[in-house]
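Here is the structure we will look at.
Chains as they are written, first to last, in my numbering: chain A, 123 to 384; chain B, 26 to 128.
Here it is in structure tokens:
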């Protein structure tokens with residue numbers, strides 16, 4: 123791949139999703155774009171770049187989606203779920219609204235739903251979980267709530283698998299009473315979207331891939347949608363440049379609260 | 026150092042499990058293990074009867090090609106701590122051990 127081709131794709135990503143790739147992430151492009159290259163009967167990355175230059179919008183969308191999809195597992199980073207449990211335990215409102223931004227195939231919002239169900243909160247409160255991703259393909263998949271033999275074994279305790287999933291051929295289907303608590307949407311968080319009083323927002327391993335300008339814009343959009351004191355959770359290794367109205371939450375890596383000095 | 030005892034009769038699965046556990050930093054030994062990985066299959070049918078005895082030594086991870094919920098429930102009812110369905114990979118084994126508090 124020539125530096126010009128790499129530049130072309132990184133510009134495309136920046137423009138469409140706010141994601142910025144550094145030179146050492148070229149491997150990421152190669153591994154994630156290989157499926158698209160194969161599916162479109164192309165031979166190489168150069169081929170793909172040439173096809174993209176013909177303004178093929180569908181292909182552009184496919185490329186942006188492929189690069190921005192998170193690898194995900196159930197209950198990824200246990201301490202995050204401890205933080206959510208503590209927040210939810212002390213939460214005295216009636217409606218608890220949670221957002222999982224960049225939810226990919228849904229392991230994160232499903233984990234949150236299972237956690238709250240196990241705490242018995244889903245029965246006591248009006249729990250609403252919104253899960254967003256900009257890939258239509260992956261949202262369509264997540265909506266089905268079907269996970270492979272491999273996926274259900276990554277991070278999901280066997281007791282929860284037995285309790286909330288049913289075998290379906292070689293796969294496992296999430297029971298509908300859990301699935302229906304999650305509202306999946308195709309949505310890019312750089313674009314304005316629904317308003318509204320979110321108490322917890324998970325936005326992991328997304329902001330730090332953005333340009334500083336896109337990151338600031340995304341944080342601003344998120345703060346507009348959250349209630350004061352709301353909990354924002356970013357990835358453990360993410361360092362945010364300008365956090366605006368968000369303040370670090372003591373003793374919890376990657377946790378911020380809106381409008382409350384710690 | 027973390028230690029694991031592997032009690033799997035099928036030679037291929039035993040060997041693979043050995044490699045994966047070593048990669049995850051476990052020393053494979055039957056002396057004072059921090060976890061026992063116990064096979065369960067048609068060729069190793071007595072597993073359910075020995076789980077409680079094994080539990081007195083260390084937490085038990087069942088490794089089985091039985092995927093049916095009823096089978097899994099039987100193993101848990103007999104005291105198994107976690108359960109991994111064959112086939113599995115490094116990532117899966119690691120996540121099971123994390124859940125068991127061993128990593």
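Yeah, the Cβ is synthetic: ideal placement off N, Cα and C, and Gly gets one too.
Any beta carbon from chain B within less than 7 Å of residue i's own beta carbon?
i	result
residue 282 of chain A	no
residue 229 of chain A	no
residue 277 of chain A	yes
residue 384 of chain A	Low local confidence applies: a pLDDT of 46 at residue 384 of chain A is under 50, so the model's placement there is unreliable, with the coordinate-based value given in what follows. No, residue 384 of chain A lies away from the interface with chain B (no Cβ there is under 7 Å from its Cβ).
residue 124 of chain A	no
Sort out for me which residues DSSP pairs residue i with in a bridge.
i	result
residue 368 of chain A	A/380
residue 141 of chain A	A/332
residue 32 of chain B	B/63
residue 248 of chain A	A/217
residue 55 of chain B	Note: residue 55 of chain B sits in no beta bridge, so no partner.
residue 356 of chain A	The partner list for residue 356 of chain A (beta bridge, DSSP) is empty, contrary to what the question assumes.
residue 126 of chain A	None; residue 126 of chain A has no bridge partner.
residue 254 of chain A	A/223 and A/307
If we cut at 7 Å on Cβ distances, does residue i have a partner in chain A?
i	result
residue 94 of chain B	yes
residue 120 of chain B	yes
residue 9 of chain B	Because chain B here runs from 26 to 128, residue 9 of chain B falls outside it and cannot be looked at.
residue 102 of chain B	no
residue 108 of chain B	yes
residue 116 of chain B	yes
residue 53 of chain B	no
residue 124 of chain B	yes
residue 97 of chain B	yes
Are the beta-carbon atoms belonging to residue i and residue j less than 7 Å from one another?
i	j	result
residue 288 of chain A	residue 248 of chain A	no
residue 243 of chain A	residue 210 of chain A	yes
residue 347 of chain A	residue 380 of chain A	no
residue 148 of chain A	residue 220 of chain A	no
residue 262 of chain A	residue 226 of chain A	no
residue 30 of chain B	residue 55 of chain B	yes
residue 142 of chain A	residue 333 of chain A	yes
residue 258 of chain A	residue 189 of chain A	no
residue 231 of chain A	residue 304 of chain A	yes
residue 267 of chain A	residue 295 of chain A	yes
residue 164 of chain A	residue 123 of chain A	no
residue 34 of chain B	residue 64 of chain B	yes
residue 127 of chain B	residue 59 of chain B	yes
residue 49 of chain B	residue 119 of chain B	yes
Which first and last residues belong to the beta strand (DSSP E) in which residue i is found?
i	result
residue 223 of chain A	217-223
residue 95 of chain B	Taken as a continuous stretch (DSSP letters only), residue 95 of chain B belongs to no beta strand (DSSP E), being part of the alpha helix (DSSP H) at 94-102.
residue 79 of chain B	Element bounds for residue 79 of chain B: not the beta strand (DSSP E) but the alpha helix (DSSP H), 72-80.
residue 361 of chain A	That residue, residue 361 of chain A, is in no beta strand (DSSP E); it is neither H nor E in DSSP.
residue 110 of chain B	107-110
Tell me which residue opens and which closes the alpha helix (DSSP H) that residue i is part of.
i	result
residue 240 of chain A	229-240
residue 124 of chain B	115-124
residue 89 of chain B	Run containing residue 89 of chain B: none in the alpha helix (DSSP H); it sits in the beta strand (DSSP E), 85-89.
residue 202 of chain A	200-212
From the beta carbon of residue i, is the nearest beta carbon of chain C less than 7 Å away?
i	result
residue 57 of chain B	The question asks about chain C, but that chain is absent: this structure's protein chains are A and B.
For this session: Quick one: which unbroken beta strand (DSSP E) runs of 3-plus residues sit fully inside the segment 257-341 of chain A? Chain order, please.
Result: 287-290, 293-296, 304-308 and 320-324
Problem set entry | alpha helix (DSSP H) runs contained entirely in the segment 147-194 of chain A, provided each spans 4 or more residues | 148-161, 167-175 and 179-190
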